[in-house]
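K.L.:
Take this structure, written in structure tokens, and hold onto it; I'll ask about it next.
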Amino acid sequence: MLQALEQLPVDPILGLSAACRADPNPDKVDLTIGIYMDDSGVCPVFEAVRRAQLELEQEEVTKAYLPPAGDEAFTSGMQRLVLGADCAALADGRVSSIQTPGGCGALRIGAEVIHAAAPGARVWVSDPTWPVHIPLIGSVGLAFESYRYYQPATHSVDFDGMVADLRQAGAGDVVLLHGCCHNPCGADLDLEQWGVIADMAEAQGFTPFIDIAYQGLADGLETDAAGLRLLVSRLPEVVIAASCSKNMGLYRERTGAAIFVCNDAANAGAVLGQAKAAARRVYSMPPAHGALLAGRILGNAELEALWRGELDTMCARINGLRGELRAALEQASGADFAFIEHERGMFSFLGLSAQQALRLREEFSVYMLDSSRINVAGVNAGNIDYVARAVAAVL
145 MLQALEQLPV DPILGLSAAC RADPNPDKVD LTIGIYMDDS GVCPVFEAVR
195 RAQLELEQEE VTKAYLPPAG DEAFTSGMQR LVLGADCAAL ADGRVSSIQT
245 PGGCGALRIG AEVIHAAAPG ARVWVSDPTW PVHIPLIGSV GLAFESYRYY
295 QPATHSVDFD GMVADLRQAG AGDVVLLHGC CHNPCGADLD LEQWGVIADM
345 AEAQGFTPFI DIAYQGLADG LETDAAGLRL LVSRLPEVVI AASCSKNMGL
395 YRERTGAAIF VCNDAANAGA VLGQAKAAAR RVYSMPPAHG ALLAGRILGN
445 AELEALWRGE LDTMCARING LRGELRAALE QASGADFAFI EHERGMFSFL
495 GLSAQQALRL REEFSVYMLD SSRINVAGVN AGNIDYVARA VAAVL
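Numbering (our numbering), first residue to last: 145 to 539.
Below is the structure:
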């Protein structure tokens with residue numbers, strides 16, 4: 145039976161990262177995978193996470209399963225973090241949430257619930273979007289449409305094109321939005337543009353599905369959630385996929401949450417039941433360790449303050465790297481790279497062709513996607529000038 149299977153192509157991101165690891169060039173630079181790296185090239189463990197882990201090790205008495213909905217301290221903390229402690233929908237009991245295996249699990253459970261409610265729903269996704277969005281959400285049987293989002297010529301959001309395309313989205317449709325730090329382009333909506341999307345959702349009846357995997361890495365936890373919170377304050381239904389991979393560094397712990405803002409408290413209960421049933425048939429029980437750490441941090445004022453400070457430092461470093469990379473590229477090439485400094489989060493398109501990206505890999509061992517998407521956090525003091533000179537050489 146298994147012999148009938150064909151070899152699949154290598155994942156474009158993971159394959160390039162593997163090629164970089166195998167590259168013997170001591171000057172090689174990996175700008176592919178979306179993992180935060182410090183200036184020494186290490187993905188660090190937050191001090192708040194270390195302290196929470198020490199506390200957990202001293203107090204933990206069991207390794208029994210968590211229930212399908214996950215750890216309540218974690219899901220409650222994530223609701224407050226994402227929606228804001230003063231969220232009216234929370235006060236009204238209109239919100240339900242479930243712990244998931246990372247943001248990917250949250251996207252899948254969100255899609256499962258959407259499919260259960262509306263099997264014929266069309267999911268509108270931005271062009272471009274994170275490559276895994278479509279196969280992950282589409283695995284439940286939902287159909288897709290795309291809307292314009294990024295204008296390569298100006299390195300900015302094509303908001304007129306976005307609005308024109310989303311005029312076709314109607315009641316029963318879902319619009320997938322990046323909460324902040326758009327992956328892959330780094331160009332985000334401003335609050336006024338979020339307001340226009342809210343107006344359209346009210347008038348046309350579509351449901352926003354917001355992927356907020358990078359809260360805290362653009363301009364801070366509260367600012368980064370402002371657009372999402374605006375939609376929640378105005379609309380009867382919003383589906384959210386949240387993750388602690390980036391903003392707590394819990395990548396391998398697979399710590400996420402699917403959050404559902406519903407019409408009323410009774411509906412929130414029904415949605416939670418659907419989400420738990422979906423989890424039971426997809427992965428049964430969520431992993432505990434990361435959620436217990438995150439829930440402990442979000443439920444302890446001292447640990448949360450420590451974590452917020454560490455996250456602010458990380459955010460400032462990424463934004464600072466954008467300015468430094470812009471300056472290095474402009475000095476090396478004489479070209480205009482101002483757009484890098486105006487974008488947010490870990491990603492940016494450099495505006496190179498696939499052939500130029502190939503030359504960077506083959507001639508300089510600088511690894512980026514063929515789209516020229518880079519992880520800005522892969523740049524550091526030791527490689528920034530080398531990267532800039534390499535890019536200048538292929539322009």
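By construction, the Cβ of each residue, glycine as well, lies at the ideal position given by its N, Cα and C atoms.
All of these numbers come straight from a predicted model, not from anything done at the bench.
Here's the rule: buried if 16 or more other CB atoms are within 10 angstroms of the residue's CB, otherwise exposed. What is Leu-469?
P.N.:
Buried, since its Cβ has 16 or more Cβ neighbours within 10 Å.
K.L.:
Can you tell which of Leu-200, Ala-265, Gly-185 has its C-alpha closest to the C-alpha of Ala-192?
P.N.:
Ranking Leu-200, Ala-265, Gly-185 by Cα distance to Ala-192 puts Leu-200 first.
K.L.:
Tell whether a beta-carbon distance below 9 Å holds between Ala-287 and Ala-260.
P.N.:
Contact flag unset, no.
K.L.:
Per DSSP, what are the beta-bridge partners of Trp-268 in this structure?
P.N.:
Its beta-bridge partners are Glu-289, Val-319.
K.L.:
If Tyr-511 sits next to Cys-164, beta carbons under 8 Å apart, how far is it from one beta carbon to the other, in whole angstroms?
P.N.:
Their Cβ separation, rounded to whole angstroms, is 4 Å, which keeps Tyr-511 and Cys-164 in contact under 8 Å.
K.L.:
Who are the Cβ neighbours of Ser-161 in its own chain at under 8 Å, not counting the five residues just before and after it?
P.N.:
Around Ser-161: Asp-174, Thr-176, Ile-177, Tyr-511.
K.L.:
For the candidate residues Ala-501, Asp-355, Ala-460, whose alpha-carbon lies nearest to that of Gly-514?
P.N.:
Per the sequence shown, the amino acid found at residue 514 is Asp instead of Gly. Among Ala-501, Asp-355, Ala-460, the Cα nearest to that of Asp-514 is on Ala-501.
K.L.:
Spatial neighbours of Ala-422 within its chain, please: CB distance less than 7 Å, with the 5 preceding and 5 following residues excluded, ordered by chain position.
P.N.:
Correct list, in chain order: Ile-253, Glu-256, Val-257.
K.L.:
Give the single residue among Tyr-358, Leu-372, Asp-355 whose Cα lies nearest to the Cα of Leu-335.
P.N.:
The candidate whose alpha carbon is nearest that of Leu-335 is Leu-372.
K.L.:
Give the list of continuous alpha helix (DSSP H) stretches no shorter than 4 residues that lie fully inside the segment 369-441.
P.N.:
370-378, 409-426, all fully within the segment 369-441.
K.L.:
Please name the residue or residues paired with Gln-243 in a DSSP beta bridge.
P.N.:
DSSP output for Gln-243 lists Ala-401 as bridge partner(s).
K.L.:
Is the number of C-beta pairs between the segment 431-441 and the segment 411-421 that are closer than 8 Å three or more?
P.N.:
Result no; under three Cβ-Cβ pairs closer than 8 Å.
K.L.:
How long is the line joining the alpha carbons of Tyr-530 and Gly-247, rounded to whole angstroms?
P.N.:
About 34 Å.
K.L.:
Thinking just about the alpha-carbon of each residue, which of Ala-386, Val-319, Ala-532, Leu-374 is nearest to the one in Ser-477?
P.N.:
Checking every option, the nearest Cα to that of Ser-477 belongs to Ala-532.
K.L.:
Ignore the nearest five residues each way along the sequence and tell me which others in Ser-290's own chain have a CB closer than 6 Å to its CB.
P.N.:
So the qualifying residues of the chain are Val-269, Asp-271.
K.L.:
Shortest alpha-carbon distance to Asn-169 belongs to which of Ala-521, Gly-330, Arg-505, Asn-519?
P.N.:
Checked all of Ala-521, Gly-330, Arg-505, Asn-519; the closest Cα to Asn-169 is Arg-505.
K.L.:
Along the chain, where does the alpha helix (DSSP H) that runs through Arg-517 open and close?
P.N.:
Taken as a continuous stretch (DSSP letters only), Arg-517 belongs to no alpha helix (DSSP H), being part of the beta strand (DSSP E) at 517-519.
K.L.:
Specify whether the segment 397-408 and the segment 363-370 touch according to this definition: at least 3 beta carbon pairs, one from each stretch, less than 8 Å apart.
P.N.:
Short answer: they don't touch.
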